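Undergrad: These protein sequence lines are chains A and B, in that order. For the first sequence, the working numbering gives the first residue as 78, with consecutive numbering after it. For the second sequence, the working numbering gives the first residue as 2, with consecutive numbering after it.
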Amino acid sequence: MSGRLRSFLYENGLTLTFLGLFFAALVGQAISGYHEFNSLQVQHGSSTITFGRYITSSDFGAAVMENWQSEYLQFTLFILMTVFLLQKGSPESKPLGKEGTETDREQRIEGQRGFRVGLYSNSLVSVMGLIWVGSWFAQSITGWVEFNADRFSHQQDALPYGSYLGSAHFWQTTFQNWQSEFLAVASMAILAVYLRQRGSPESKPVGAPHDATGTQG
Amino acid sequence: MRVGVSVLAALVVALSGCGTASSEHDARGSVQRFFAALSRHDGNAACHELSEETASKVAGDEKKPCGEAVLSLGLATASIRKVSVYVDSAQAKLQGGGAVFLDETPKGWKVSAAGCKPQPGKPYDCELES
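1. Give, in chain order, every residue of the region 213 to 233 of chain A whose Cβ lies closer than 9 Å to some Cβ of chain B.
2. If you draw a straight line from the alpha carbon of B:THR21 to that of B:ASP89, how long is it in whole angstroms?
3. Closer than 8 Å is the cut-off here; do at least three beta carbon pairs connect the region 141 to 155 of chain A with the region 267 to 278 of chain A?
4. Which term fits B:GLY62, buried or exposed, when burial requires 16 or more other beta carbons within 10 angstroms of its beta carbon?
5. Relative to the C-alpha of B:GLU105, which residue among B:GLY44, B:ALA79, B:SER73, B:SER52 is closest?
6. Would you tell me roughly how many angstroms separate the C-alpha atoms of A:THR292 and A:GLN233, rounded to the nearest one?
7. Quick one: residues in its chain with C-beta nearer than 7 Å to the C-beta of B:GLU69, no 5 flanking neighbours on either side, listed in chain order?
8. Tell me, which residues are paired with B:PHE102 by DSSP?
9. How would you write the range of the beta strand (DSSP E) that A:ASP234 sits in, first residue to last?
10. Can the beta-carbon of B:GLN96 be found less than 7 Å from the beta-carbon of B:SER80?
11. Checking 7 Å against the spacing of the C-beta atoms, do A:LEU163 and A:GLU176 come in under that value?
12. Using three-state DSSP, classify A:GLY129 as helix, strand or coil.
13. Is B:PRO121 closer than 7 Å to A:SER124 when the C-beta atoms are compared?
14. Quick check for students: name the residue ranges of the alpha helix (DSSP H) that lie wholly in the region 92 to 153 of chain A, counting only runs of 4 or more.
15. Indicate the three-state DSSP secondary structure (helix, strand or coil) for B:VAL84 in the structure shown.
16. With 7 Å as the limit, tell me which residues of the region 119 to 133 of chain A have their beta carbon closer than that to any beta carbon of chain B; keep them in chain order.
17. With a threshold of 7 Å between beta carbons, is A:ALA107 in contact with chain B?
18. Report the option in A:GLN120, A:ALA263, A:THR219 whose CA atom is closest to the CA atom of A:LEU242.
19. Taking the beta carbon of A:GLN120 as the centre, do at least 16 other beta carbons fall within 10 Å, making it buried, or is it exposed?
20. Taking all protein chains shown into account, decide if A:GLY138 is buried (16 or more other Cβ within 10 angstroms of its Cβ) or exposed.
21. A:TYR131 and A:PHE114 - do their beta-carbons sit closer together than 7 Å?
22. Any beta-carbon of chain B closer than 7 Å to the one on A:ALA245?
23. Taking Cβ-Cβ distances below 9 Å as the criterion, which residues of the region 67 to 90 of chain B are in contact with chain A?
24. Could you check the C-alpha separation between A:TYR149 and A:TRP213 for me, to the nearest Å?
25. When you compare the CB positions of B:ALA91 and B:ALA28, do they come within less than 7 Å of one another, or not?
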């Protein structure tokens, strides 16, 4: 392995590992979802479909998008709220008294002004938020198509898109994902006050006191 | 704001309508052939447009071969007002308020329920279904 490649893998290990896990999990979801879909088709006396058709179907699309939108909402809100909200003792929080967007000097942009600086200053939330909105929109479309296919199979009229956005089906699939994301953030914020993981930047140093806020490992 | 709503509406139509134009055409054709067969009292041709489950059900319920059973129901025919397709299910709304439902099968679009009358707040009441 060349030195440059080794260096690239070392410096980007965290991202590359999680991207690899993501692809493996997505393939696993596609394969298991495909088999489950076809077994339900057989149960209902309908024809089965190919794997290629399944991964381009609204059924698979809805399953993927409903998870993506909740993950990106979690990060969007977490990034935004940690600007203004604190958790005493948590490494996920800024120190007490540091709430807010801070001074230009603290943000190391003293003397810099203009649209580009403003845009860059909010780029993380903006991009995360855009991905959240986009994947939520995609969830709504794919979910609406699947919902109406099911209504037709039960001899019911289809719902218009606007009506689907107010339907129990859409909000049930939305809230079932949101609740787990928000619980995970709340858990992480408070558990990290009292528990430690040596060597992780998500944890305070093992010997740090519980009330030390914003101190990382 | 108006531009944003228009763009969103266009995206919804585009994304949901991807690839359904030909499916709507094929589903419409199946309903038209089904009604034409009923009109000329060709029960076998009408059964050819039914899904296997629906054909078996009507034959079993009427205790006759499908071709005779489907004609004995006296299903009314009507002009098609609108065809909608979602994935592998379709609905043909008829003049007069009735509907026909179809499933996409390996043999093409087949009628899964016919002679369907709307019931407020409930599924359609269909004379012929699987």
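The C-beta atom is built at its ideal place from N, Cα and C for all residues, glycine as well. Quick caveat, the model's predicted, so the values are computed rather than measured.
TA: Put simply:
1. Correct list: PHE214, ALA215, SER217, ILE218, THR219, TRP221, VAL222, GLU223, PHE224, ASN225, ALA226, ASP227, ARG228, PHE229, SER230, HIS231, GLN232, GLN233.
2. The residue you call residue 21 of chain B lines up with position 20 of the second sequence. The residue you call residue 89 of chain B lines up with position 88 of the second sequence. Going by the C-alpha atoms only, they are around 10 Å apart.
3. Flag = no, the region 141 to 155 of chain A and the region 267 to 278 of chain A do not touch.
4. Taking the first residue of the second sequence as 1, we reach residue 62 of chain B at position 61. In the sequence as displayed, the identity of residue 62 of chain B is Asp instead of Gly. Counting Cβ neighbours within 10 Å, B:ASP62 comes out exposed, since fewer than 16 surround it.
5. Here residue 105 of chain B refers to the residue found at position 104 of the second sequence. Distance from the Cα of B:GLU105 is smallest, within the candidate group B:GLY44, B:ALA79, B:SER73, B:SER52, for B:SER52.
6. Along the first sequence, read from residue 1 onward, the residue named residue 292 of chain A stands at position 215. Along the first sequence, read from residue 1 onward, the residue named residue 233 of chain A stands at position 156. Taking the straight line joining both Cα atoms gives about 57 Å.
7. What you label residue 69 of chain B is simply residue 68 of the second sequence in a count that begins at 1. Sequence-distant partners of B:GLU69 (beyond 5 residues in either direction) whose C-beta falls short of 7 Å from its own C-beta, in its chain, are GLY44.
8. As a first step, residue 102 of chain B is located in the second sequence; it is residue number 101 there, counting from the start. B:GLN92, B:ALA114.
9. Taking the first residue of the first sequence as 1, we reach residue 234 of chain A at position 157. That residue, A:ASP234, is in no beta strand (DSSP E); it is neither H nor E in DSSP.
10. Position 95 of the second sequence, counting from 1, holds the residue named residue 96 of chain B. Position 79 of the second sequence, counting from 1, holds the residue named residue 80 of chain B. Between B:GLN96 and B:SER80, the CB-CB gap stays under 7 Å.
11. Numbered from its first residue, the first sequence carries residue 163 of chain A at position 86. Numbered from its first residue, the first sequence carries residue 176 of chain A at position 99. Yes; because the gap between Cβ atoms is below 7 Å, this pair is in contact.
12. Residue numbering aside, residue 129 of chain A sits at position 52 when the first sequence is read from its first letter. Under the three-state reduction of DSSP output, A:GLY129 falls in the helix class.
13. Here residue 124 of chain A refers to the residue found at position 47 when the first sequence is read from its first residue. Here residue 121 of chain B refers to the residue found at position 120 when the second sequence is read from its first residue. Result no, Cβ atoms of A:SER124 and B:PRO121 do not sit closer than 7 Å.
14. Whole alpha helix (DSSP H) segments, 4+ residues: 128 to 132.
15. As a first step, residue 84 of chain B is located in the second sequence; it is residue number 83 there, counting from the start. Strand, per DSSP.
16. So the list reads GLY122, SER123, SER124, given in the order they occur along the chain.
17. Working through the first sequence from its first residue, we reach residue 107 of chain A at position 30. Between A:ALA107 and chain B, the shortest Cβ-Cβ separation is not below 7 Å.
18. Reading the first sequence from its first residue, position 165 is the one you call residue 242 of chain A. Closest option to A:LEU242, Cα to Cα, is A:THR219.
19. Along the first sequence, one-based indexing puts residue 120 of chain A at 43. So A:GLN120 counts as exposed.
20. Counted from its first residue, the first sequence places residue 138 of chain A at position 61. Buried is the call here.
21. As a first step, residue 114 of chain A is located in the first sequence; it is residue number 37 there, counting from the start. As a first step, residue 131 of chain A is located in the first sequence; it is residue number 54 there, counting from the start. The criterion of a C-beta distance shorter than 7 Å is satisfied by A:PHE114 and A:TYR131.
22. Here residue 245 of chain A is taken as the residue at index 168 of the first sequence, counted from 1. Not one chain B Cβ lies under 7 Å of A:ALA245.
23. Listed by position along the chain: SER85, VAL86, TYR87, VAL88, ASP89, SER90.
24. Within the first sequence, numbered from 1, the residue matching residue 149 of chain A stands at position 72. Within the first sequence, numbered from 1, the residue matching residue 213 of chain A stands at position 136. Distance between the alpha carbons of A:TYR149 and A:TRP213 is about 9 Å.
25. Reading the second sequence from its first residue, position 90 is the one you call residue 91 of chain B. Reading the second sequence from its first residue, position 27 is the one you call residue 28 of chain B. Yes, they are a contact pair.
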